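These protein sequences, in sequence, are chains A and B.
Convert by adding 55 to the 1-based position in the first sequence; the result is the number in the numbering used here.
Convert by adding 55 to the 1-based position in the second sequence; the result is the number in the numbering used here.
Every residue gets a Cβ at the ideal spot worked out from N, C-alpha and C, and that includes glycine.
This one's a predicted model, so the numbers in the text were calculated from it and none came from an experiment.
Report on the structure given below.
There are 2 protein chains.
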Amino acid sequence: MPSDAHALALAVARLNRRMRRERRSELTPTQLSVLGAVALLGPATPGAIAAHEQVKPPSVTRILNQLTETGYISRLPDPEDGRQVLVEISAGGHLWLQQERKRRDAWLHEQLQKLHGEERDLLRAAAPVLKRLAEAE
Amino acid sequence: MPSDAHALALAVARLNRRMRRERRSELTPTQLSVLGAVALLGPATPGAIAAHEQVKPPSVTRILNQLTETGYISRLPDPEDGRQVLVEISAGGHLWLQQERKRRDAWLHEQLQKLHGEERDLLRAAAPVLKRLAEAE
DNA sequence: TATTGTTATACTCTATAACTATA
DNA sequence: TATAGTTATAGAGTATAACAATA
Numbered sequence: 056m057p058s059d060a061h062a063l064a065l066a067v068a069r070l071n072r073r074m075r076r077e078r079r080s081e082l083t084p085t086q087l088s089v090l091g092a093v094a095l096l097g098p099a100t101p102g103a104i105a106a107h108e109q110v111k112p113p114s115v116t117r118i119l120n121q122l123t124e125t126g127y128i129s130r131l132p133d134p135e136d137g138r139q140v141l142v143e144i145s146a147g148g149h150l151w152l153q154q155e156r157k158r159r160d161a162w163l164h165e166q167l168q169k170l171h172g173e174e175r176d177l178l179r180a181a182a183p184v185l186k187r188l189a190e191a192e
Numbered sequence: 056m057p058s059d060a061h062a063l064a065l066a067v068a069r070l071n072r073r074m075r076r077e078r079r080s081e082l083t084p085t086q087l088s089v090l091g092a093v094a095l096l097g098p099a100t101p102g103a104i105a106a107h108e109q110v111k112p113p114s115v116t117r118i119l120n121q122l123t124e125t126g127y128i129s130r131l132p133d134p135e136d137g138r139q140v141l142v143e144i145s146a147g148g149h150l151w152l153q154q155e156r157k158r159r160d161a162w163l164h165e166q167l168q169k170l171h172g173e174e175r176d177l178l179r180a181a182a183p184v185l186k187r188l189a190e191a192e
């Protein structure tokens, strides 16, 4: 039933827009996401970060420039391949990441608390399926 | 558990990005969404459309201008209040809307087909809850 | 004076194409 | 010649502030 797809597409688009409006952070959602990727992947190349974030390298370059200005990350030359760059999160970046994630998710967390237990369980189960869809093909 | 919120926020943001990349339409997702709102709300003011789409009036004005150029909608003066404008979908706009919705949701529909029946049921149940969250507060 | 819609302006996020340096 | 990253440029989407017309 295509209407299932329609309903889900609509709901995801709307909720995404709603969440963006709730930002209570100095970092934009995208900056936060990239900072998280840098933390997760360890010293990683911009190319690897772009692949993980499912965006093109120029988009990552721009965000890395912003994060470098704040001192949350640093770029190091790759000793083995002069074309590559390794990106690392700083100690301050790590601390910031934790604080900002809490703030970013605060609104959604509040909303989830208002749901019935059943509905919360439903969304908890749905989240990994949605994530898998996002990573498809 | 805030990590529930985090997992869900991440999944929604990623899937939204993924869906946007799959556009196979002449209309952008936002244009399509506004066109759908005009169809749903019938002759409606830009203000009402903005409220329904959860965006500010200037954003709607811009999109209405684009849709007017294509002939999918038309603006009429409100006979009772000269400050207001009524926006209507045209016959061609209606036809286009149906075709474009199918195209827009085609990718997600394919992905849903690949899931197990249980997972599809899960997402079918989750969609209205997600939509409700998006409309909260 | 308040409301509706529009215009002006700016910022975020993303992409493609062109360029630089290295392999 | 191919690859990694960056720079240049453009387009989509959104917001706030200022403005015009009408109530």
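Using the C-alpha atoms, what's the distance from residue j back to residue i?
i: A:L170; j: B:L82; result: 35 Å
i: A:Q121; j: A:R78; result: 18 Å
i: B:D133; j: B:W151; result: 26 Å
i: A:V67; j: A:Q166; result: 15 Å
i: B:D176; j: A:A182; result: 14 Å
i: A:Q109; j: B:V115; result: 29 Å
i: B:T85; j: A:A92; result: 28 Å
i: A:Q168; j: B:V142; result: 39 Å
i: B:A146; j: A:S58; result: 22 Å
i: B:A103; j: B:R76; result: 29 Å
i: B:G97; j: B:E135; result: 17 Å
i: B:L188; j: A:L65; result: 12 Å
i: A:S129; j: A:I144; result: 6 Å
i: A:E155; j: B:H149; result: 44 Å
i: B:N71; j: A:K186; result: 10 Å
i: A:G172; j: B:G126; result: 47 Å
i: B:A161; j: A:L63; result: 12 Å
i: B:A99; j: B:A105; result: 10 Å
i: B:L119; j: A:L119; result: 35 Å
i: B:V140; j: A:K157; result: 43 Å
i: B:H61; j: A:H107; result: 17 Å
i: B:V89; j: A:V89; result: 30 Å
i: B:L87; j: A:L87; result: 29 Å
i: B:K111; j: A:P112; result: 32 Å
Rounded C-beta distance between residue i and residue j? I'm assuming under 8 Å.
i: B:S80; j: B:R179; result: Contact flag wrong, Cβ pair sits at about 24 Å.
i: B:L131; j: B:M74; result: Between B:M74 and B:L131 the Cβ distance is about 33 Å, and since that is not below 8 Å, they are no contact.
i: A:V184; j: B:E174; result: 5 Å
Taking C-beta pairs closer than 8 Å, name the residues in chain B that residue i reaches, listed in chain order.
i: A:V84; result: The sequence as given places Pro at residue 84 of chain A; Val does not occur at that position. Here the neighbours are A68.
i: A:L163; result: A60, L63, A64 and L188
Going by DSSP, which residues form a beta bridge with residue i?
i: A:A99; result: A:V142
i: B:S129; result: B:E143
Are there 16 or more other CB atoms within 10 angstroms of the CB of residue i, so buried, or fewer, so exposed?
i: B:Q153; result: exposed
i: B:R117; result: exposed
i: B:R138; result: exposed
i: A:L95; result: exposed
i: A:P101; result: buried
i: A:R69; result: buried
i: B:A191; result: exposed
How would you list, in chain order, the residues of chain B whose beta-carbon sits under 7 Å from the beta-carbon of residue i?
i: A:Q166; result: L188 and A191
Just the chain B side, please: which residues come within less than 9 Å of residue i by C-beta, in chain order?
i: A:Q109; result: R69, R72, R73 and R76
i: A:S117; result: Per the sequence shown, residue 117 of chain A should be read as Arg rather than Ser. Within chain B, no residue comes near A:R117; the closest Cβ sits about 16 Å away, beyond 9 Å.
I want to verify the contact list: residues of chain A whose CB lies under 8 Å from the CB of residue i, in sequence order.
i: B:A94; result: None at all; the shortest Cβ gap to chain A is about 13 Å.
i: B:E174; result: V184
Which bits of chain A does residue i rub up against, with CB to CB less than 7 Å?
i: B:R158; result: Per Cβ cutoff of 7 Å: no residues; B:R158 is ~11 Å from chain A at best.
i: B:A181; result: L177, L178 and A181
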